[in-house]
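Here is the structure we will look at.
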Amino acid sequence: MIRVKDIANMVGVSPTTVSNVIHGNTRRVSQETAQKISSILDEVGYIPNMGARLLSQNTSHIIGLVIGFDYLHGENAMQDPFVSTFVGQISSEIENAGYYMMIIRGDDCRKVAEVTSRWNVDGLIVLGWTEKSHKTLKKMLKKPTVAIDTYVSDPELVVNVGTDDFDGAYQLGKYWADHGFRKTLFLTENTAEMDQCRFAGFQRAMTEAFGERLILLSARKEVRRLQYDELLPRFREAGSLAFISDYLAIDAVDYFIDKGVRVPEDISITGFDDTFYAELIRPRLTTVQQNIGLKASTAMQLLLRLINREKLPEEERNIKIAVQLVVRESV
Numbered sequence: 010m011i012r013v014k015d016i017a018n019m020v021g022v023s024p025t026t027v028s029n030v031i032h033g034n035t036r037r038v039s040q041e042t043a044q045k046i047s048s049i050l051d052e053v054g055y056i057p058n059m060g061a062r063l064l065s066q067n068t069s070h071i072i073g074l075v076i077g078f079d080y081l082h083g084e085n086a087m088q089d090p091f092v093s094t095f096v097g098q099i100s101s102e103i104e105n106a107g108y109y110m111m112i113i114r115g116d117d118c119r120k121v122a123e124v125t126s127r128w129n130v131d132g133l134i135v136l137g138w139t140e141k142s143h144k145t146l147k148k149m150l151k152k153p154t155v156a157i158d159t160y161v162s163d164p165e166l167v168v169n170v171g172t173d174d175f176d177g178a179y180q181l182g183k184y185w186a187d188h189g190f191r192k193t194l195f196l197t198e199n200t201a202e203m204d205q206c207r208f209a210g211f212q213r214a215m216t217e218a219f220g221e222r223l224i225l226l227s228a229r230k231e232v233r234r235l236q237y238d239e240l241l242p243r244f245r246e247a248g249s250l251a252f253i254s255d256y257l258a259i260d261a262v263d264y265f266i267d268k269g270v271r272v273p274e275d276i277s278i279t280g281f282d283d284t285f286y287a288e289l290i291r292p293r294l295t296t297v298q299q300n301i302g303l304k305a306s307t308a309m310q311l312l313l314r315l316i317n318r319e320k321l322p323e324e325e326r327n328i329k330i331a332v333q334l335v336v337r338e339s340v
């Protein structure tokens with residue numbers, strides 16, 4: 010591997026001059042020399058030593074992306090369509106801003122604090138944590154942080170970029186009601202935060218007391234299939250199912266195909282998120298679209314402002330991205 014010293018000898022300057030050009034400190038280097046050094050760097054494909062850069066600068070140019078759960082729907086969280094799409098979108102935003110991305114998984118605040126401190130991470134984007142976890146982390150670590158999809162009661166605690174879950178589910182419920190479905194079942198894996206908010210919006214639109222219509226599903230696929238076996242007569246009677254996510258809706262379509270149940274002729278189905286699988290499944294899935302790309306770009310813009318020590322106004326500390334209903338063929 011070619012060294013800074015080797016390039017300095019080729020140009021006839023000091024290693025410090027070459028190092029300054031590599032790190033963009035060219036105020037004391039002539040334009041001609043800087044261009045000559047840059048040309049040689051490109052020609053030899055020089056790759057700077059990140060360890061040395063970390064030691065020589067106060068910034069690491071690393072953004073930590075915390076995936077706050079190891080498993081979703083009983084599977085590796087990185088396989089979830091929403092998570093994988095968000096990771097792809099935010100990695101592009103981070104790279105375009107001139108930073109590197111480091112993925113940190115789990116909800117262990119101490120582990121996140123240790124990794125962040127060890128690598129001198131410039132800032133964090135945290136997906137899927139509760140407000141309580143953010144409060145714990147803040148006591149351990151003073152780093153610019155933007156939360157994704159955290160339900161925040163205190164905007165001063167953490168900056169959050171989320172989805173207007175209530176309105177999305179309200180649009181969905183109104184769609185069901187407008188089409189004459191009065192027995193629609195709402196299926197979710199838990200009744201906290203996002204799931205609770207979506208159910209509330211759905212319930213408001215249907216204008217009925219749901220009572221037993223809220224069905225809690227297992228996160229484990231094999232258990233969920235046993236639940237479906239037991240619930241199938243009720244599904245047929247209702248004729249319409251609103252799932253908390255595209256993943257669960259598509260998983261249910263797969264189950265119904267195995268059982269000879271036709272969608273939407275026998276049972277109509279909707280999802281939530283509009284991940285790319287929603288258009289690949291047959292019938293194509295009617296769902297609520299959240300703009301994951303806009304969520305990622307908004308989070309990165311806010312984080313950069315925090316890194317630059319900008320104080321955000323209250324209205325920018327808890328942003329909810331608008332959603333829209335996408336009607337396809339599953340109803």
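The opening residue of the sequence shown carries number 10 in my numbering; numbering runs sequentially from there.
Here a beta-carbon is modelled for each residue, glycine too, at the ideal position from N, C-alpha and C.
* Cα-Cα, which of I46, A247, A178 and G73 is closest to V124? -> G73
* To do: Whole angstroms is fine: what's the gap from R243's alpha carbon to A261's?
  => 14 Å
* If I'm right that S254 touches D282 with Cβ under 8 Å, what's the distance once you round it to whole angstroms? => 6 Å
* Asked: Within this structure, are the beta carbons of V161 and L312 separated by less than 9 Å?
  -> no
* **Reduced DSSP secondary structure (H/G/I, E/B, other) of N29** => helix
* Just mark P322 as buried or exposed, buried being the case when its beta carbon has 16 or more other beta carbons within 10 Å. => exposed
* Do I11 and V170 come within 9 Å of each other at the CB atom, strictly closer than that value? -> no
* Going by DSSP, name the residue or residues bridged to I72. => M110 and G132
* Could you spell out the range, first to last residue, of the beta strand (DSSP E) harbouring S339? => Where S339 is concerned, there is no enclosing beta strand (DSSP E), given that its DSSP letter is neither H nor E.
* Option in K230, K14, Q298 and E288 with minimal Cα separation from G177 -> Q298
* Out of curiosity, what's the CA-to-CA distance linking Y237 and T193? -> 16 Å
* To do: Identify which residue in T279, F265 and I16 has its Cα closest to the Cα of V53.
  => I16
* Asked: Just how far apart, CA to CA, sit L225 and F195?
  -> 9 Å
* Asked: Are N327 and P164 touching if we call contact CB-CB under 9 Å?
  -> yes
* Going straight from the alpha carbon of D173 to that of Q40, what length do you get? -> 51 Å
* **Cutoff 8 Å; reference A305; Cβ partners in own chain excluding five residues on either side** => F95, Q98, I99, S101 and E102
* Asked: Taking the alpha-carbon positions, what's the E198 to E104 distance?
  -> 34 Å
* Asked: Taking the alpha helix (DSSP H) that G97 falls in, what are its first and last residues?
  -> P90 to N105
* To do: Given a cut-off of 9 Å, decide if A201 and Q180 are closer than it, judged by their beta-carbon atoms.
  => no
* To do: Could you please give me the residues that DSSP links to N169 through a beta bridge?
  => A156 and N327
* Buried/exposed call for D131, threshold 16 Cβ in 10 Å -> buried
* **Whole-angstrom distance between V332 and N300, CA atom to CA atom** => 7 Å
* Asked: DSSP beta-bridge partners for V332?
  -> Q299
* **Terminal residues of the alpha helix (DSSP H) in which L289 lies** => Y286 to L289
* Can you check whether the CB of V135 is closer than 9 Å to the CB of G77? -> yes
* To do: Figure out for me which residue from K230, A228 and R191 has the closest Cα to the Cα of F211.
  => R191
* Could you pull out every residue in the same chain whose Cβ sits closer than 6 Å to the Cβ of Y108, ignoring the five residues on either side in sequence? => H70 and I72
* Could you work out which residue in T159, D51 and K120 is closest to L146 when comparing CA atoms only? => K120
* Asked: Hey, how far is the Cα of A218 from the Cα of C206?
  -> Reliability of the predicted coordinates at A218 is poor, the pLDDT of 45 falling under 50, and no value is obtained from them.
* Asked: In terms of alpha-carbon separation, which member of W128, K151 and D117 lies closest to W138?
  -> D117
* Could you give the DSSP three-state label for E84: helix, strand or coil? => strand
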